[in-house]
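J.: Quick one: structure below, then a few questions.
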Amino acid sequence: MSDVALVTGASGFVGSAVARALVARGLTVRVLMRPSANRLNIAQLHCEAVAGDMRDADSMLAAMKGARYFFHVAADYRLWARDSGEIERNNFQGAKVTMGAALKAGVERVIYTSSVAALKPGAAAVDETSRHTPQSVIGAYKRSKLVAEREVERLIRDEGLPCVIVAPSTPIGPRDIKPTPTGRVIVEAASGRMPVFVDTGLNLVHVDDVAQGHLAALDRGKIGENYILGGTDVALETMLGDIAFLSGRRAPTVKIPRAPLFPLAWAAEAVARITGKEPFLTADALRMSRHRMFFSSEKAKRELGYTARPYKEGLKDSLIWFRDNGYLT
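So the sequence shown is residues 3 to 331, counted in our numbering.
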């Protein structure tokens, strides 16, 4: 086989960063995209684009022909949908079909992009051993990543899938085209539309560091192991203050309890069922915010040589990209 690397999700945020990192390394990069996908993120990228869908076995097998490596980065990353089961079906079927195709095609090495969404947060930063169960996980997206990850683990264990699992925390940076839920927070805060906040926290990491973590997993990851690719644990209040400073706006100072926000979330979801547009505030997001989603990347640092830059660089790059592409008003 030649050094062909197939990437799913390259039209999106993390996938495009992974594809760029592979091209920079000198590999021949093939990207699987739905015909309707926005191609802005690969417009200037030297790669081969093939049409297909991660849930379609025939298109996956065709895309994998001659590929040595496979990076499954694509995911249905929504915190809300009219049919919440659709998110779970998409991500589970995507993992099952793509991994099955990799086995049939004889791909040498697979990197599966999971998420810290499949890990159970705790009182302090947790590592890869803090595992959710279907009963403890909150929301359709997190449940979808959990069941998909378990299916990949089963294929590694029972079928010999040569796969390393990576779990990005909360990526930020350029090319957040959709944007992601975190990207929406950055846009709203930079536009002065987030005057209040709740007490929560998250782990922020530059998307290009996540991409380098994927390559490190290709080089040094152990088959069957899971590696958190994170950055810095940051309180939401701190993040919003940093965005305000970088945007020349006043930082929000009003911290409010979650309970009064649930009626607003339910109302926003009711409107979304009519419009089809994903609401900014959801009940599941409020439930998730009860936990500080802090994570440790020590295993990836130790075994992969993984590193991450200061998270403020990711915020700066996010704001520059959003401003240059017309997201900020």
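Glycine included, C-beta positions come from ideal geometry on N, C-alpha and C. Since the structure is predicted, the reported quantities are computational estimates derived from the model, not experimental observations.
DSSP puts PRO173 in a beta bridge; with which residues?
T.: VAL207
J.: Is any non-hydrogen atom of the ligand GTP found closer than 7 Å to the C-beta of VAL20, if you look at the structure I gave you?
T.: By its list of ligands, the structure shown contains no ligand whatsoever, and the ligand GTP lies outside what it can speak to.
J.: Helix, strand or coil: which one does DSSP assign to GLU50?
T.: Three-state DSSP puts GLU50 in a strand.
J.: So is GLN95 buried or exposed if we call it buried at 16+ other beta carbons inside 10 Å?
T.: Buried.
J.: First and last residue of the alpha helix (DSSP H) that includes ASN93?
T.: 86-107
J.: What do you get for LEU306, buried or exposed, if any count of 16 or more other CB atoms within 10 angstroms of its CB means buried?
T.: buried
J.: Go to ALA7, then tell me how far its beta strand (DSSP E) extends in each direction, as first and last residue.
T.: Looking at the DSSP string, the run of the beta strand (DSSP E) that includes ALA7 is 6-10.
J.: Where DSSP assigns a beta bridge to LYS301, which residues make up the other side?
T.: According to DSSP, LYS301 bridges with nothing at all.
J.: Do you know offhand how far ASN43's Cα is from ARG91's?
T.: 26 Å
J.: Mind the definition here: the region 49-63 touches the region 238-249 only if three or more C-beta pairs lie below 8 Å; say whether that holds.
T.: no
J.: Output yes if chain D places a C-beta closer than 8 Å to the C-beta of VAL31; else output no.
T.: No chain D is present in this structure, which holds just one protein chain.
J.: So is PRO136 buried or exposed if we call it buried at 16+ other beta carbons inside 10 Å?
T.: exposed
J.: How big is the Cα-Cα spacing for ALA285 and ARG294?
T.: 17 Å
J.: Threshold first: 4 residues or longer. Then list the alpha helix (DSSP H) segments lying entirely within the region 219-289, N to C.
T.: 238-249 and 263-277
J.: Whole angstroms is fine: what's the gap from PRO265's alpha carbon to PHE199's?
T.: 16 Å
J.: Spell out the partners DSSP gives THR74 in its beta bridges.
T.: The residue asked about is misnamed: residue 74 is His in this sequence, not Thr. Looking at the DSSP assignment, HIS74 forms a beta bridge with THR10 and TYR114.
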